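Undergrad:
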Amino acid sequence: MNDTDTRLRQIALFLMDVDGVLTTGQVIYDDAGQETKIFNVRDGVGIRMLMDVGVKVGIVTGRRSMALIHRCRNLGIDLIKDGVRDKSKALIEILNETGVAAENTAFVGDDLPDLPILRRVGLPIAVGDAHALVKQTAAWTTQLAGGCGAIREIAERILVARGEWESLLQRRFS
594 MNDTDTRLRQ
604 IALFLMDVDG
614 VLTTGQVIYD
624 DAGQETKIFN
634 VRDGVGIRML
644 MDVGVKVGIV
654 TGRRSMALIH
664 RCRNLGIDLI
674 KDGVRDKSKA
684 LIEILNETGV
694 AAENTAFVGD
704 DLPDLPILRR
714 VGLPIAVGDA
724 HALVKQTAAW
734 TTQLAGGCGA
744 IREIAERILV
754 ARGEWESLLQ
764 RRFS
């Protein structure tokens, strides 16, 4: 087992940015000025699988969006820090709220505003199409791009590292 797998086994709190991580990073506005986001269904299944095994899941993002709120409600995510300017401060708040230590926390990011939080968690992860500095900071970079299944890729690897993949498949999908 490599260092990343050891860290994956210890994750109790899984945090993500949104634009560029849960989405491709594109922001779509209709003629009325309403923002639309496109989320990957497979990422949603991965998030639910993590929650099924007791991993706390949350969002830390600089933007506010009703589309995100609706998606989080659909997935059962109630740990949402949106409109955040200081992601390090948001991390401290979340750690205090959840009682989880930073070393047992993973954060998935894609761009420069994610660097401060990536530097403070036990497992910093970059999506496959992240900015070069984010990839440099990350302990692991996914094969898949943000919004294209990267979160599912991470979720499955966490479940395998924790030895819960097979039993979860049996419970949920057989």
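With our numbering as the guide, the letters of the sequence shown map in order to residues 594 to 767. Ideal Cβ placement from N, Cα and C applies to all residues, glycine included. Bear in mind the structure is a predicted one, so any value in this text is a computation, not a measurement.
Measuring straight from C-alpha to C-alpha, what distance separates residue 649 and residue 701?
TA: Rounded to whole angstroms, the separation of the alpha carbons of residue 701 and residue 649 is 14 Å.
Undergrad: With a cut-off of 8 Å on the beta carbons, I'd call residue 653 and residue 705 a contact; round off their distance for me.
TA: Going by Cβ atoms, the distance from residue 653 to residue 705 rounds to 14 Å, so no, they are not a contact pair.
Undergrad: Taking Cβ to Cβ, would you say residue 720 is nearer than 8 Å to residue 739?
TA: yes
Undergrad: When you compare each of 638, 679, 656 and 694 to residue 669 by their alpha carbons, which one comes out closest?
TA: Nearest C-alpha to residue 669 among 638, 679, 656 and 694: 638.
Undergrad: Please classify residue 727 as buried or exposed, where buried requires at least 16 other C-beta atoms within 10 Å of its C-beta.
TA: Only buried fits residue 727, as 16 or more other CB atoms lie within 10 angstroms of its CB.
Undergrad: Residues in the same chain with beta-carbon distance under 6 Å from residue 696, minus the five sequence neighbours each way, listed in chain order, please.
TA: 715
Undergrad: Please report whether the beta-carbon of residue 669 lies at a distance below 8 Å from any beta-carbon of chain D.
TA: Although the question refers to chain D, the structure presented lacks it and comprises just one protein chain.
Undergrad: Going by the DSSP bridge assignment, what does residue 730 pair with across the sheet?
TA: Looking at the DSSP assignment, residue 730 forms no beta bridge with any residue, so it has no partner.
Undergrad: Residue 718 and residue 732 look like a contact to me (Cβ under 8 Å); what is the Cβ gap, rounded to whole Å?
TA: 7 Å
Undergrad: Leaving out five residues before and five after residue 680 in sequence, what residues of the same chain have Cβ atoms less than 6 Å from its Cβ?
TA: Correct list, in chain order: 653, 709 and 710.
Undergrad: Are the beta-carbon atoms of residue 560 and residue 643 separated by less than 8 Å?
TA: This structure cannot settle anything about residue 560, because the visible part of the chain is limited to 594 through 767.
Undergrad: Any idea if residue 676 is buried or exposed, counting beta-carbon neighbours within 10 angstroms, 16 or more meaning buried?
TA: exposed
Undergrad: Hey, residue 751 and residue 604 are a contact pair by Cβ (cut 8 Å); roughly how many whole angstroms apart?
TA: 6 Å
Undergrad: Which stretch, first to last residue, makes up the beta strand (DSSP E) that contains residue 718?
TA: 716–719
Undergrad: Residue 604 by DSSP, collapsed to three states: which one?
TA: coil
Undergrad: Label residue 687 either buried or exposed according to how many other C-beta atoms from any shown protein chain fall within 10 Å of its C-beta, with 16 as the threshold for buried.
TA: Around the beta carbon of residue 687, 16 or more other beta carbons sit within 10 angstroms, so the residue counts as buried.
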